[in-house]
Amino acid sequence: MTSIATDIESRAAGMRSVRAWLIVVAALVVCTLMVGGATRLTESGLSIVEWKPVTGTIPPLTDAEWSRQFEAYKTIPQYREMNRGMSLAEFKTIFWWEWAHRLLGRLIGAVFLLPFLWFLWRGFLSSELKRRLWVIFVLGGAQGAVGWWMVTSGLSGRVSVSQYRLAIHFMLAVFIFSAIVWTLRQLQGRPSSVAPMRVKVTGRILLALLFLQFYFGALVAGLRAGRVFNTWPLIDGAFIPSTARLFFEQPWWRNFFDNTLTVQFTHRMIAYALVALAIVHAIDAVRSRASPAVISGALWIMATMVFQAIVGILTLLNQVPIDLGLAHQAVAIVVLTLALFHVERLGGALPDRTPAKLRLVTGDGG
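Residue 204 in this note's numbering sits at position 198 of the sequence shown; the count goes up by one each step and never skips.
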């Protein structure tokens, strides 16, 4: 019996270590997303024009090496068309942002892989958890390659990276973060809860819309669309711009990726839809007497969604200063985390089959 109890305690301690490890990895992913946002806002992403996965960890340590890096940057269109005449000191500023972003990516790889191998060796991980973590690791490795693929799009022929590739790079990071958060929630277990099927459905729709909104937010960033049409609630002089302005590119669907007006307008409309649905979802959770945890989750999502909309409007009106731009991204990550918690909780919620009249009599809140 003592041996069995010791084994159970050892496994419990092992799972606590796994959860702590994943929390650290998730925090590092958030840091990388924030530094990546600063890199975009400061136009620093093209300051390093070579990809050296190992030796690139070491920054320039001599004046000669700094000069070599600066001369390499001078060969690309961004320097010639946007930053001609930039001083070495100014170059160092944008270099450090991009270097920090890449260093964090490398650090995540090490912080993920080394403990992962140790947990595998100790046998703490179930077969399902192993598969999930291997998938996350592969996605993380792919993220580095996608990041360089994105950078190469801005090294010739244009002064910034492709918004298509930037959106893919950003969304891959969001999916990695989401997978880690989802795994953490499932490792923690969940208390029993009750919610009507429609509350579960609207919760999932909210999460799906959030992912879509993240994608269009990345396109807005890639096109610098937040620095044009800086009025609210009107955009281009109207609440809904003319069709001729929204769809002047052919074929029509390209406007959703290349037309700054259409991309920003779509981003706004999805934001309105998210706020409206979050309010309806919270009201429905309260009125249907879902479990307290479900109601609390819905109310938190509604509150942060409204706050995020306000931050977004202020960011737009001020033409995306770095502080508001990063705040907008940070709150978006908070909203996504709450939504992931909420939908994962709803996934295990039992349908409420108690007759409505009986619930009113007993006051049962699930």
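By construction, the Cβ of each residue, glycine as well, lies at the ideal position given by its N, Cα and C atoms.
Nearest CA to the CA of residue 219: which residue from 260, 42 and 281? 281
Within the same chain, show all residues whose beta-carbon is closer than 8 Å to that of residue 191, passing over the 5 residues directly before and after it, in chain order. Counting only Cβ-Cβ distances below 8 Å, and skipping sequence neighbours, we find 346, 347, 350 and 351.
Note down the Cα distance separating residue 292 from residue 275, rounded to an integer number of angstroms. 26 Å
Looking at the secondary structure, which residues open and close the alpha helix (DSSP H) in which residue 254 lies? No alpha helix (DSSP H) holds residue 254; DSSP gives it neither H nor E.
Alpha helix (DSSP H) segment containing residue 270, residue limits: 266 to 293
contact_flag[the stretch 153 to 161, the stretch 46 to 53] where n(CB pairs < 8 Å) is 3 or more: yes
Beta-carbon gap between residue 59 and residue 101 smaller than 9 Å: no
Quick one: using the 10 Å Cβ neighbour count with 16 as the cut-off for buried, is residue 85 buried or exposed? buried
Which of the three DSSP states is assigned to residue 328 in this structure? helix
For residue 42 versus residue 176, is the C-beta spacing smaller than 9 Å? yes
Give the list of continuous alpha helix (DSSP H) stretches no shorter than 4 residues that lie fully inside the stretch 38 to 102. Segments of the alpha helix (DSSP H) lying fully in the stretch 38 to 102: 69 to 79 and 83 to 88.
I need the boundaries of the alpha helix (DSSP H) containing residue 145, first residue and last residue. 133 to 158
I'd like to know whether the C-beta atoms of residue 386 and residue 182 end up nearer to each other than 9 Å. One cannot answer for residue 386 here, as it falls past the ends of the chain, which runs 7 to 372.
Excluding the 5 residues flanking residue 131 on each side, which residues of the same chain have their C-beta closer than 6 Å to its C-beta? 125
Just grab the DSSP bridge partners of residue 241 for me. According to DSSP, residue 241 bridges with 244.
Helix, strand or coil: how does DSSP classify residue 365 here? Residue placement at residue 365 is flagged as unreliable, the pLDDT there being 42, under the threshold of 50; the coordinate-derived value follows with that caveat. Three-state result, residue 365: helix.
Reducing DSSP to helix, strand and coil, say where residue 338 ends up. helix
Determine, using beta carbons only, whether residue 46 and residue 209 come nearer to each other than 9 Å. no
Same chain, Cβ closer than 6 Å to residue 217, five either side skipped, listed in chain order: none
Evaluate residue 156 with the Cβ neighbour count: other Cβ atoms within 10 Å of its Cβ, from every protein chain shown; 16 or more gives buried, anything less gives exposed. buried
Could you check if residue 266 belongs to the surroundings of the ligand HEM, using beta carbon to heavy atom distance under 8 Å? Looking for the ligand HEM in the displayed structure turns up nothing, as the structure carries no ligands at all.
Can you tell me which of the three DSSP states residue 24 falls into? Three-state DSSP puts residue 24 in a helix.
Taking contact to mean at least 3 C-beta pairs separated by less than 8 Å, is the stretch 167 to 174 in contact with the stretch 18 to 36? no
Does any CB atom of chain B fall closer than 9 Å to the CB of residue 246? Judged by its chain identifiers, the structure shown contains no chain B, having just a single protein chain.
Using 10 angstroms around the beta-carbon of residue 226, count the other beta-carbons present and answer buried if the total reaches 16, otherwise exposed. It is buried - the Cβ of residue 226 has at least 16 other Cβ atoms within 10 Å.
Between the Cα of residue 255 and the Cα atoms of 268, 137 and 247, which residue gives the shortest distance? 268
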